[in-house]
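Residue numbers (my numbering): 199 to 1154. Below is one structure; the comments refer to it alone.
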């Protein structure tokens, strides 16, 4: 490797000149495939961000401990460290102030725009100009919806949707340029205002989380030369770790600004958004949300004097139910349990339908901006028809005799809308439909008004909101899920309260709150953060036990059907999100099983031309650096160098004509912050390099910029363990090193893509995660009619674990006695089977290397085991078998029980006819042959034998 760079693929070495043909073909194949094959992502290189397909890459939270970094840390003074700490808190303060101001602006704008629209519609209705009222209402909605859709379609498609799945993916380590771009922030603010004002069944709470994250990302860019923000202190934030922490504070601030729930915002970031957490981040997040709360409170006091137009005390969400008396008995608890159970079922159904609708909308959105806007206009028109048409189905209700209430209402909000009713009457459906979503929720949460809404009206409103909430999410506008879910849940809860009114003492307004909690638990699958948010919204701590109970029940019930809505959307968008736990099938694979090649590596002092070719023909962002003689006695892993660092180094052209170490030359010309992460769109690209022809043959020393302590795992480490380590450390690259000597020092590199189910199941398509059928060997752990003791079961399990001959799977096409490994290679043939159906796979985790055997393409999997143990019984035929032979079988006939043969010997023995002395003799032998097995699997149900014991039963 003196003159040329080589790549390592397992034990193979590939010349770097051959990489170009390999990788051009591979990249072309990857990017020519559609993003969603059957609406499933087939690559980890692109994903749906907002409403458009966008290239993605992983973030790197690992500290690059190269020589430049070490020199910088050694040279730092105490004042610089103090400066860094103060900047962290200053940026948290700025994020809180900015998010709070945006929250106030959003609420003032929505209340005034929607208020003007509703006042105009109400005025026309009072004049009995019904067609003009509908035209005005629908026309305003269409104009506002078209404006929001145009912003998302033409300026920032990433701003469409809630934004919470994208923020969650970013905090997990997935980055795309458009997720937190300034254009996304602009469209998120104004698109959310237009979309909510247009009367859609959406909320501004999800977009506020995305907005807070965008503000934090903009502040944490580490300075800008374009705008002359190049203060020396800002350079400390040119890394993914500090930006991640700041964006976590921004996401928490967004929840605090949306719900006026500072503590709930902190818990939301901890429970749902962030993938990494520590105590220092908790303090800063709490400080940020406290700043948001102070800003909101200050502006509410200002606007309460009437200086903010139609915005008043109700502009920011606060559903006060503290006026209701909270007392409950046993019937109330039963009603709450039923409420939570049904809420969990309805929440899981909501997630199911949202997933299906999003798959359809993704096809429409891929057709272009015109189709996005057309879809938004269609949903807007349908929403307007429902809002103006369905109140005609309701009957007019006489106004309450209480003089303290204004009935009917003629202003923008209120519980009593006259609509088409005569004086002294109101239309309860119009009070819900012809209001902002916040005011509709406030009407449903109203206490001491048990008969304010008819049961039939609650049924109609619930069904409509449930339907509109499903079909609205996914169109090309900023839209949140919190408000639609709370709106549907509160209506459902009030409906249950009306039905249980004869036997319960709880107020219907409290039932509405509990219904909203059950729906939130059934869709979002959060518990602690939702509980605190709801308590901060309603200002009633006496409901804490009931809210906790209903959240736990609804989440438990919903988890039986599907995942949370944000988890489903993350998967649907193709974002390579790494869960906190590894998939079960990863326990049966090792790190080397998923490493794909060729792997491009560099020498410690490498030729410039080789580096340039590798950067051009591959998309890798990390390359192993291997030292070889004369720089090392034997090939050894020096570390890992990043693509961005190589580009910076090549741009400065610190080359040498001889293959020697650069010494302190690079350390004098570069600083650690020269290799810091650039802001959005500012990184050096391969096109920016200007390398002359004669410079291609020169050398460059990579040691100063090489991370000398990359995280490495041995190739035999289980993939599950490697996945947990990869996620917990926030890595981008993990080197796989060989277990034995005499091989290349690095086997491959694991990235986020290698842990994705699509990649693993693509390599091993026969592996199935669920619905596995199995064939088990018969056991000797019990006799007919006798239940084995715990001790005997333990002995049987140990015997099977220590004396097994082979393991594999049946592909459903070949002969069932042909046992293959998981690459399809023939291991051997089994003579006997015992067939079991519908056995719990979780109790046989200890069986051989692939512990949960896949069903592959056929209907069953097979295990062939041979007991390497002589029988203790005296044989029936003394002439053919002596008692001495039974104590220890002959080496030429069967294996010794004390030292089982190796795999090759086992496979060879499986294909032979074994002497009867190798097996126990039993009058009730229930082993079946291959022909009998084929006959069994064609029958609807397998035969049952009392003497059969599967490996699963033995394990119990």
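Positions of the beta carbon are idealized from the N, C-alpha and C atoms, including for glycine. Because the structure is a prediction, the values reported are computed rather than measured.
Within 9 Å, strictly: CB atoms of residue i and residue j
i: residue 415; j: residue 439; result: no
i: residue 738; j: residue 524; result: yes
i: residue 356; j: residue 410; result: no
i: residue 912; j: residue 948; result: no
i: residue 537; j: residue 664; result: no
i: residue 541; j: residue 667; result: no
i: residue 451; j: residue 298; result: yes
i: residue 846; j: residue 803; result: no
i: residue 531; j: residue 372; result: no
i: residue 725; j: residue 753; result: yes
Residue range of the alpha helix (DSSP H) that includes residue i
i: residue 267; result: 265 to 273
i: residue 406; result: 403 to 417
i: residue 329; result: 328 to 348
i: residue 689; result: 680 to 697
i: residue 309; result: 276 to 324
i: residue 451; result: 438 to 457
i: residue 530; result: 528 to 563
i: residue 486; result: 477 to 500
i: residue 507; result: Careful: residue 507 lies outside any alpha helix (DSSP H) and carries neither H nor E.
i: residue 960; result: 955 to 961
i: residue 386; result: 380 to 395
i: residue 654; result: 653 to 670
Sequence-distant residues of the same chain with beta carbon closer than 8 Å to residue i, five excluded per side
i: residue 333; result: none
i: residue 745; result: 711, 712, 715, 729, 732, 733
i: residue 853; result: 806, 893, 896, 897, 898
i: residue 507; result: 306, 309, 310, 313
i: residue 417; result: 289, 292, 293, 296, 444
i: residue 236; result: Any reading at residue 236 must be qualified, since the residue scores a pLDDT of 43, below 50, and its modelled position is unreliable; the value itself is stated next. No residues qualify anywhere along the chain.
6 Å CB neighbourhood of residue i in its chain, flanking five on each side removed
i: residue 1155; result: With the chain represented from 199 up to 1154, any question about residue 1155 goes unanswered, as that position is not in the structure.
i: residue 710; result: 642, 643, 688, 691, 692
i: residue 672; result: 555, 556, 559
i: residue 315; result: 338
i: residue 873; result: 843, 846
i: residue 920; result: 789, 911
i: residue 1123; result: Its pLDDT being 40, under 50, residue 1123 is placed unreliably in this model, and the value from its coordinates should be taken loosely. Here the set comprises nothing.
i: residue 287; result: none
Sequence-distant residues of its chain with Cβ nearer than 7 Å to residue i (five each side left out)
i: residue 727; result: 462, 465, 466, 469, 470
i: residue 155; result: Summary: the structure shown does not reach residue 155, with the chain confined to residues 199 through 1154, and so no result is reported for it.
i: residue 479; result: 443, 446
i: residue 639; result: 517, 684, 685, 688
i: residue 736; result: 517, 518, 519, 711
i: residue 680; result: 401, 403, 404
i: residue 751; result: 535, 538, 539, 542
Cross-strand partners of residue i (DSSP beta bridge)
i: residue 623; result: 596
i: residue 932; result: 948
i: residue 834; result: 825
i: residue 910; result: 933
i: residue 373; result: 255
i: residue 854; result: 897
i: residue 820; result: 840
i: residue 801; result: 824
i: residue 641; result: According to DSSP, which records beta bridges pairwise, residue 641 is partnered with nothing at all.
i: residue 760; result: The partner list for residue 760 (beta bridge, DSSP) is empty, contrary to what the question assumes.
i: residue 905; result: 838
i: residue 359; result: 676
i: residue 788; result: 916
Delimiting residues of the beta strand (DSSP E) encompassing residue i
i: residue 245; result: 244 to 247
i: residue 250; result: 250 to 253
Query raised in the report: Below 8 Å, can you find three or more Cβ-Cβ pairs linking the segment 254 to 263 to the segment 887 to 901?
Result: no
**Report entry** Validate contact between the segment 482 to 491 and the segment 294 to 311 using beta carbons, cut 8 Å, 3 pairs
**Finding:** yes
Requested in this report: Evaluate contact between the segment 585 to 599 and the segment 654 to 663, counting only Cβ atoms and requiring at least three cross-stretch pairs below 8 Å.
Outcome: yes
Query raised in the report: Between the segment 269 to 276 and the segment 340 to 360, are three or more C-beta pairs nearer than 8 Å?
Result: no
Requested in this report: For the segment 616 to 632 and the segment 571 to 590, state whether three or more C-beta atom pairs, one from each stretch, are separated by less than 8 Å.
Outcome: yes
Query raised in the report: Touch check for the segment 361 to 368 and the segment 315 to 325: three-plus C-beta pairs under 8 Å?
Result: no
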